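What follows is one structure encoded as structure tokens, with my remarks underneath.
Number of protein chains: 6
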Amino acid sequence: MTTVRQPPDPESDPRVKAVFDDIRATRRTDFVNNLWRTLAFDPPLLESTWSEVKALMATPTQLDPLVKEMLYVAVSIANGCGYCVHSHTAAAKAKGMTDAQHAELLAIVSLAGRTNHLATGLQVPLDPAFDAGAR
Amino acid sequence: MTTVRQPPDPESDPRVKAVFDDIRATRRTDFVNNLWRTLAFDPPLLESTWSEVKALMATPTQLDPLVKEMLYVAVSIANGCGYCVHSHTAAAKAKGMTDAQHAELLAIVSLAGRTNHLATGLQVPLDPAFDAGAR
Amino acid sequence: MTTVRQPPDPESDPRVKAVFDDIRATRRTDFVNNLWRTLAFDPPLLESTWSEVKALMATPTQLDPLVKEMLYVAVSIANGCGYCVHSHTAAAKAKGMTDAQHAELLAIVSLAGRTNHLATGLQVPLDPAFDAGAR
Amino acid sequence: MTTVRQPPDPESDPRVKAVFDDIRATRRTDFVNNLWRTLAFDPPLLESTWSEVKALMATPTQLDPLVKEMLYVAVSIANGCGYCVHSHTAAAKAKGMTDAQHAELLAIVSLAGRTNHLATGLQVPLDPAFDAGAR
Amino acid sequence: MTTVRQPPDPESDPRVKAVFDDIRATRRTDFVNNLWRTLAFDPPLLESTWSEVKALMATPTQLDPLVKEMLYVAVSIANGCGYCVHSHTAAAKAKGMTDAQHAELLAIVSLAGRTNHLATGLQVPLDPAFDAGAR
Amino acid sequence: MTTVRQPPDPESDPRVKAVFDDIRATRRTDFVNNLWRTLAFDPPLLESTWSEVKALMATPTQLDPLVKEMLYVAVSIANGCGYCVHSHTAAAKAKGMTDAQHAELLAIVSLAGRTNHLATGLQVPLDPAFDAGAR
């Protein structure tokens, strides 16, 4: 149950078709997941979202592709976005994340959840040594 | 301004001194940051928190130490914990994170913030292909 | 699956019936959505919640009714409350929100998610020009 | 630095004076903290906020006053509201929270932060046994 | 639909069996809920999570067992973790939480959600009186 | 205290200068706030962030400019980003937001914070009537 009507035949709109074709070509799969199928209700929003995701996540950059997906999973967990946790975990597994690496990712994210709550509960003051300007 | 009184001479308590000594030995520095100095108000909480952080973050595991710190930064940003963002960014830099890697980390975290809000706003239904049980 | 038992015949309690009648009269519909049906487990909590929602959302105030619903949707997305995203999006559509306005609302909310994460990741210091006391 | 101008002489407005007098009488102190001094910029918002806080937090109810303050601290930590963490921790201490109870509160909140992130990261399905309707 | 494969016969692993046996003995029930069944995919993560939960939640400490569960529910609501809200609400009810206490818990958590947003929206400055170091 | 070193003379980099010039021209002011001065540490991140903010917030679109700023403030409050709350509140005031409108914005955001926590605490099931596909 989405908050917008998913267009029944999204690729009848040439702008949507162009994005879906690019998703399939970039990811080398016929599968276009529901986020994109739902965003198809507004072609400009679909285009701008995909172009940004493609530039950062599907293009070689400084960071390793698997590291990038793991960072995405970490943020999605902390933001409580179930769909995003599922889709980026699947992407990380497709890029080679093992069960042991997944377990360690979850262990770090949950440890950070713990110490984040501790630091906020204590209202710890910043150490001057953390000043980037002083490094 | 913390929510607990930082003990003025924390290392007069032998349990606190033992943890601080271990922090200094593990990290090879004399610097003990304010989170630990504040947690010193309750030695058992200090001990359990440090032992968990040490086991995961200061011990060789599957994931690269720098990757682990970047995951920690990512979660801390999404949780809005300023102290944690500062302390783990400093730790990541100490482990070799370049300015370009830092910029890319921020770009991914902020892109995830964007698509997390989109997926939540659309209430996108899960694709059956994301079912881990079916893989 | 709720965390409280929804009363099977909520309107047998006169306090619940009075609130439900007021909801129907205020909104000019027979439909009473599940939030209220669930809150019926505790009539005082039901009454205080409805009276506050009615005063702010179903009464003419300074802001346009559609703007108020869009603000409600925005907060609900950022708080990750799926039920609230659905119910207030439906309310906004009932008050005339077009698909294009909905798309723009989502674009702004997701852009804010992005720059919020950037500002938090950078720990940007406040500009003195933002001081309301100085204006 | 607030986002609204704190009125320089808030009690010259009789509606503000009435609320401040009630805060002082209810809490038996001359101290009116900054949340109320800032809300004084809009007397109706000040009145409605105080009347709700008074009814729940400064009036005998089912739950013990100290338990209520500790719940308030817990939510404020999870929501990342620094001002609220400070003000409700101070209130809990004024109501008798010991350092050991405070440490335990922080331990529980941070453990919950940890397992919340784990459950979200795993996307654990609900057990039918948790259905309140079936109890 | 979880993000990891739940082992079909988790107790064939002796480390998992030991934890499940301890959960059953500690809680005096045959029921092992899905969080633990899912964590069984990684025995070390299962062990460390259970040992921490047991030490704090299933062992007599300073705070009353029901108060501890209510604090856990409060944090889980603020963090938006649906599974955790359900499981800890069920645990609180098993420990004797009445419907009226549950209603009051929800009233406090939602009032805190309200004033947390107000304080953040106003960016209220800290009162020096809240300085724990000065008490 | 930022997590990156703010370049001391950012406009010596022509890419940064071009963005700053565009910010000044678009907003018709000499003031370039700290978010942009900090992002100057990485010109590509600065460019992509500004181009997106400009396209949505500084260009005529369907929604009224003041409404867009108020939505931005609402999301920033819910995400707990203090810098963003300040900067977008200042922007909304510059676009004509009155004190009464500001008070009403805060009232709605805080009411949403309240009912979001209620709906999450109750785990209210979705009403079929909210299904956008059925409308």
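Protein chains in written order, with this note's numbering: chain A, 1128 to 1262; chain B, 1128 to 1262; chain C, 1128 to 1262; chain D, 1128 to 1262; chain E, 1128 to 1262; chain F, 1128 to 1262.
Each residue gets a CB set at the ideal place from its N, CA and C atoms; glycine is no exception.
These numbers come from a predicted model, not from an experiment.
Under a criterion of Cβ atoms nearer than 7 Å, the residues of chain A adjacent to T1216/C are, in order, T1130. Beyond the five residues adjoining it in sequence on each side, L1173/A comes within less than 8 Å, by CB distance, of R1142, V1143, V1146, W1163, L1166 and A1167 in the same chain, given in chain order. Its chain contains no residue whose beta carbon lies nearer than 7 Å to that of P1252/D once the 5 sequence neighbours on both sides are disregarded. In the displayed model, A1218/D falls within a helix according to three-state DSSP. Taking a contact to require three or more Cβ pairs closer than 8 Å, the stretch 1208-1220 of chain E and the stretch 1176-1191 of chain D do not qualify as touching.
Here the alpha carbons of A1234/E and A1227/E stand approximately 10 Å from one another. A Cβ-Cβ separation of about 5 Å places E1231/B in contact with L1190/A under the 8 Å criterion. Around F1168/E, the beta-carbon contacts reaching into chain A at under 9 Å are D1226, H1229 and A1230.
Not a single CB atom of chain E sits nearer than 7 Å to the CB of S1178/D. In summary, F1257/F is buried, with 16 or more beta-carbon neighbours lying within 10 Å of its beta-carbon over all protein chains present.
DSSP places N1243/A inside the alpha helix (DSSP H), whose first and last residues are D1226 to L1249.
Under the three-state reduction of DSSP output, R1132/B falls in the coil class, being neither helix nor strand. A straight line joining the alpha-carbon of P1171/C with that of D1149/B spans about 54 Å. Ranked by how close their Cα comes to the Cα of P1187/F, the residues R1241/F, G1223/F and T1153/F have T1153/F in first place. Contact check for A1259/A against T1130/F passes: the beta carbons are separated by less than 7 Å. Secondary structure of G1223/F (DSSP, three-state): coil. Using a Cβ-Cβ cut-off of 8 Å, G1260/A is close to M1128, T1129, R1132 and Q1133 of chain F, given in chain order. Secondary structure note for E1174/A: its alpha helix (DSSP H) is the uninterrupted segment P1170 to M1184.
Using beta-carbon distances, A1239/C does not count as an interface residue toward chain A, since no partner is under 7 Å. Rounded to the nearest whole angstrom, the C-alpha separation of G1209/A and Y1199/A is 12 Å.
Distance from the Cα of S1203/C is smallest, within the candidate group H1244/B, D1169/B, M1224/B and A1239/B, for H1244/B. Contact of L1173/A with chain B is not assigned, every C-beta pair being separated by 7 Å or more. Across the set A1205/C, Q1250/C, L1249/C and R1241/C, the C-alpha of R1241/C shows the shortest separation from the C-alpha of T1176/A. Taking a Cβ-Cβ cut-off of 7 Å, N1160/E has no neighbours in chain A, whose nearest Cβ is about 17 Å from it. In the DSSP assignment, R1155/D falls outside any alpha helix (DSSP H), carrying neither H nor E.
In the three-state DSSP reduction, P1255/B falls in the helix class (H, G or I). Neighbours of L1190/C in chain D, taken as residues whose beta carbon is under 7 Å from its own, are absent, since the nearest beta carbon is some 14 Å off. When secondary structure is reduced to three states using DSSP, A1201/F falls in the helix class.
When 9 Å is used as the limit between beta carbons, L1233/A is near these residues of chain D: H1244, L1245, G1248 and L1249, in chain order. For L1162/A, the three-state secondary structure derived from DSSP is helix. If you draw a straight line from the Cα of D1140/E to the Cα of P1134/A, it is about 48 Å long. For F1257/B, the C-beta contacts it makes with chain A under 7 Å involve H1213, S1214 and A1217, in order along the chain.
A distance below 8 Å between beta-carbons, with the five flanking residues on each side excluded, links G1223/A to the following residues of its chain, in chain order: L1193. Interface residue (Cβ-Cβ distance to chain F less than 7 Å): G1223/B is not classified as such.
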